[in-house]
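See structure below.
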Amino acid sequence: MRKPTPCHYPPLDNGLSKHDLQSQVKDLRRRVSTLEQFLGLIKTVPEEHAATMLEHVRAGTDVDSLLNNFTEADLLLQLSVVPETRRRYDFPYAKQMPAHLLFEGNDYLHSFVYEATFYQHSSSPTPRRMVPNDSYQQFPITFLQDTYDKPFRAATIADPMLEKIDISKWTIVTSDNRALRKYLGSYFRTPSVLSPVFHKDLFLEDMMTGETRFASKLLVNAVLAAGCQGCLDLEDRWMLWHPENIAYKFMSECKRLWDLEPPERSRLTTVQAALILNITYNLNANDFIAIRYLDQACDMATALGLFEPARHDISSKSYRARAITAWAVWSRQALTSLTYSRPFKIEKPPQMCLPDPSEHHGFYADVRVQYPLSEQLESLHVDYKIYFEAQLYLILGEKAGSPPVEQYSLADAFRLKKKLDFWFARVTTLFEPKILVFPIHFDLHMQYYYWIMRLFLPFSDQSSTPVTPLATAINETPQEIVRYSQAMFETLLRLYYLRHSYDTYDAWIIHFLLLLGTNALKSLYSATPMTQQSVDILRSSILLAAEGLRQQGKNVYIAQVCALGLQKSMRPDDLQWVQTHLSLRPVTHEEQSIIDESARCSYPVPIVCADGKLDTRKLGEIVTKFEEPSVEEKDPVD
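Residues in the sequence shown are numbered consecutively from -4, following the numbering used here.
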């Protein structure tokens, strides 16, 4: 047969024409192309999406429809304006975790946050989801990539009731419900989580129905004012005194409504509002006003019988609301008394018990957040936060009316440490170091080490600490306790920064950063010889503290003043070095006049003196005389 001879095929028995065959070929090619696209997607999409697509195929869903739906969803995703929220942060100056923190026994180095940061390219990436082991049977935590890949600032409050409430009925400041929902959501995501003073669900239910049993206009405006300071998109949210500031307007409305409250009748919502106003004024360097609200909250709580046993005829809702508020009053006055060395106004804790959340989960209100582009809701476990902090301040408040913590005897310090150790063992059973991720989890751990340091720091510098039988039995010295606590405390602060940065409103972080910075300055200015590597690590800690206080200063005013207090402890060359690295500008005359208004603030600030020793000064004493040191100065700041 010759090559150019044309071939003729007989017609097929099925009777298909040439046109039909061509159509079948085109259809087969299209199907092959569709399957190739589908397989390509399976290879490239996240694992959870691939698993979902395969489940649909096995269930009988047409591949064409599945591919079209995914493509349309992907186009919508590309058109969305949600920015990329996955992020990790780097330490300033020295990028790695300091060597003195990398020791056996530091459980936080095995946390998912640490591994996700430093082992991103290893063969064991952060798990998409892990099944809780036996130790989490009563405390279900889902381990999702979002929580370990994205900072907390990316999450928003997820509560269907927020969308149903006409918040404008509760305030005259603005009728913009969209903005009001943002402020209210911000409160439950940040300030409320720091110090919950009421039952969230009962509060929102009353707002939705218009009832005033668990909500009031005074309480709502106090909540909105506090919530504004947690809204990262409000540029001047820290300027609480400025008449054009939205938070100022809510605070002014609070003052008007407070004056209208009948003095002879105490209300539960007024106690709650007083606690929120106390916290807000405290965090804006107006503690002389804040104390008044706390004292009135204590008086009203006593008048309402919040510290007495519950009546038999009380409803379940009332019991929950009263118990949570009673313990909020106790915890707030305990913290204030321990911070400012003032006597307890109420010396005995509430007799209404807060139940263990693992056994009575429905007693508390849950707070859930949602990350961008995710359908999963994550619980912050605020119920455990309320419960554990109440137990903590029950321990710390046992010696109500006694000398300040720093004046305890060594025997008293060891006895209190034993109780705190037992408390912390319960905390770590649930908020295990391995799984720490949300700011409130970090805060609980750091509070433990903070109080341990406060107890034993007075004894750590003594060359010959008296030996007590309890200390001998425990086989720990104050120096060892402080050294270990400082290392764990710093590890937690650094992991917190790596995952979340310090820009999200967190009152505890302000105090902790100030302590980190002053401890680093104390070590830097000590007479102990150091290697250059040790100096660099200390400078990294100082820079981290200064940067964190600057970020927190965008939320609340006291952080800005604490930043000045930290600068007050620096020698001129170190101050210039910090200002250069952080691009800090000098304090302006206008800002100085505002700072001078904090002269009455008695918030205790640790500073480093010329001899390298720590001292405590009132914040007002420091900032009113703060001046930028000249670079030519050679003497350290006294």
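Note that the Cβ used here is the ideal one computed from N, Cα and C, for glycine as well.
- Linking G222 to L533 through their CA atoms gives a straight-line distance of about 35 Å.
- S374: member of the beta strand (DSSP E) spanning 372 to 374, first to last residue.
- When the Cα atoms are used, L330 and L391 turn out to be separated by approximately 9 Å.
- Taking the Cα positions, T513 is about 29 Å away from F417.
- Across the structure, I430 and L389 are spaced so that their CA atoms are roughly 26 Å apart.
- The beta carbon of T334 sits closer than 7 Å to those of P599, all from its chain and outside the five residues before and after it, given in chain order.
- Each of M295, A220, P350 was checked against the Cα of I274, and the nearest Cα belongs to A220.
- Comparing alpha carbon positions, the residue from F409, H436, A406 closest to V377 is H436.
- Taking each of W236, A305, R306 in turn and checking the Cα distance to N281, the smallest one comes out for W236.
- With a beta-carbon spacing of about 15 Å, V324 and C348 fall beyond the 8 Å limit used to define contacts.
- Annotation: L30 to V422 spans about 51 Å, alpha carbon to alpha carbon.
- At the C-beta level, M234 and S261 stay beyond 7 Å of one another.
- Here V192 has Q267, L270, I271, T320, A323 as same chain residues with Cβ atoms under 7 Å from its own Cβ, once five neighbours each way along the sequence are excluded.
- Looking at the backbone, the Cα of F86 and that of L539 are separated by about 7 Å.
- One thing to note: V364 has its Cβ within 7 Å of the Cβ of E373.
- Straight-line measurement puts the Cα of M483 at about 21 Å from the Cα of Y88.
- Under the 10 Å beta carbon count, T265 is surrounded by 16 or more other beta carbons and is classified as buried.
- When the Cα atoms are used, L175 and I241 turn out to be separated by approximately 11 Å.
- Secondary structure note for R363: its beta strand (DSSP E) is the uninterrupted segment 363 to 365.
- With respect to P367, F302 sits apart: the two C-beta atoms are not nearer than 7 Å.
- Assigned with DSSP and collapsed to three states, P473 falls in helix.
- Taken through DSSP and simplified to helix, strand or coil, V192 comes out as coil.
- Annotated three-state conformation of D378 is helix, per DSSP.
- Closest in alpha carbon position to T204, among S170, K164, Y243, E239, is K164.
- Assignment of P352 by DSSP, reduced to helix, strand and coil, places it in the coil class.
- Taking C-beta atoms as the reference points, A46 and L278 fail to come closer than 7 Å.
- The continuous alpha helix (DSSP H) containing Y314 extends over residues 311 to 335.
- By a beta-carbon distance limit of 8 Å, L415 does not contact Y382. Their separation comes to about 16 Å.
- The Cβ atoms of Q562 and A554 lie no closer than 7 Å to each other.
- For S496, the closest of D22, D57, K145, F183 by C-alpha to C-alpha distance is K145.
- Judged by DSSP in its simplified three-state form, P567 adopts helix.
- In the structure shown, P434 adopts helical secondary structure according to DSSP, grouped into three states.
- Secondary structure note for H105: it is in no alpha helix (DSSP H), with a DSSP letter that is neither H nor E.
- For the pair S455 and L516, the CB atoms are not nearer than the 7 Å cut-off.
- Rounded to whole angstroms, the Cβ separation of R315 and H194 is 5 Å, and the two are in contact under 8 Å.
- In the three-state reduction of the DSSP assignment, K517 falls in the helix class, which pools H, G and I.
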